[in-house]
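Read left to right, the sequence shown gives residues 875 to 1041 (the working numbering).
Note that beta-carbon positions come from the ideal geometry of N, C-alpha and C, so glycine has one too.
Small disclaimer: the values here were computed from a predicted structure and weren't measured.
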Amino acid sequence: MNSSISIRIAAALGVAALGAGALAGCGGDSSASTTAADTATASTATSDASTATVTEATGATESASIYRPGSGTVINETLGATFAVELSQSPSTGYAWKQTGGTAASLIELIDQDISTEGDAPGSPGTITFAYRASAEGSGTLVFEEFPPGKDTASDTVTFEVSVGAP
């Protein structure tokens, strides 16, 4: 793992998504609200990828897709591309996400892992971001499990389908 690589995620992206969701639920024509909500759900089901900027130690930057758990989420990347998986967690509670398996290990390389929180209060929500580089062509799965403090049995499991193709 190269700790000199950092991931910066645009906070405005999350704020814009929350704002769009809030507007979809506001008064007005109920059919318009339903359509906006249905569109958001359909978008999540097909691809829940946003973008981030990855800055390497050399100062070089590149755009990376961020994938979050969602129904039908598939990671489709090209050889050499950088991407990230973002999972919600509250670090101060002791719960921790770990990449525990899957068949995509030979296709991707973990290049960074970052934990961020939205506040200092105990239990504040946060995210853990795993950054990868697609290093071989093929397809497989990527499995993450969330473990309660002091436990060896996962309380939650998330699986992503991964597909890496030629550039």
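Bridge-paired residues (DSSP) for residue i
{"i": "Leu1016", "result": "Phe1034"}
{"i": "Gly1039", "result": "Thr952"}
Residue environment, residue i, which counts as buried when at least 16 other CB atoms sit within 10 Å
{"i": "Ala1010", "result": "exposed"}
{"i": "Thr947", "result": "buried"}
{"i": "Asp1026", "result": "exposed"}
{"i": "Ile989", "result": "exposed"}
{"i": "Glu936", "result": "exposed"}
For residue j and residue i, believed in contact at Cβ under 8 Å, the rounded distance
{"i": "Phe1004", "j": "Gln973", "result": "6 Å"}
{"i": "Tyr941", "j": "Pro1023", "result": "About 26 Å; that fails the 8 Å criterion."}
{"i": "Ala978", "j": "Gly1014", "result": "4 Å"}
Whole-angstrom distance between residue j and residue i, CA atom to CA atom
{"i": "Ile1002", "j": "Glu1035", "result": "19 Å"}
{"i": "Ala955", "j": "Gly993", "result": "32 Å"}
{"i": "Gly1039", "j": "Ala995", "result": "43 Å"}
{"i": "Ser962", "j": "Phe1018", "result": "12 Å"}
{"i": "Asp912", "j": "Val1032", "result": "For Asp912, the pLDDT reaches just 29, beneath the cut-off of 50, and the residue's location in the model is therefore unreliable, leaving the point undetermined."}
{"i": "Ser1029", "j": "Trp971", "result": "10 Å"}
{"i": "Asn950", "j": "Thr967", "result": "33 Å"}
{"i": "Thr991", "j": "Ser998", "result": "7 Å"}
{"i": "Ser1037", "j": "Ile985", "result": "18 Å"}
{"i": "Ala938", "j": "Pro965", "result": "24 Å"}
{"i": "Ala958", "j": "Tyr1006", "result": "6 Å"}
Checklist entry - Which whole runs of the beta strand (DSSP E) in the segment 950–1012 are 3 residues long or more, in chain order? => result 956–963, 970–975, 982–991 and 1000–1008
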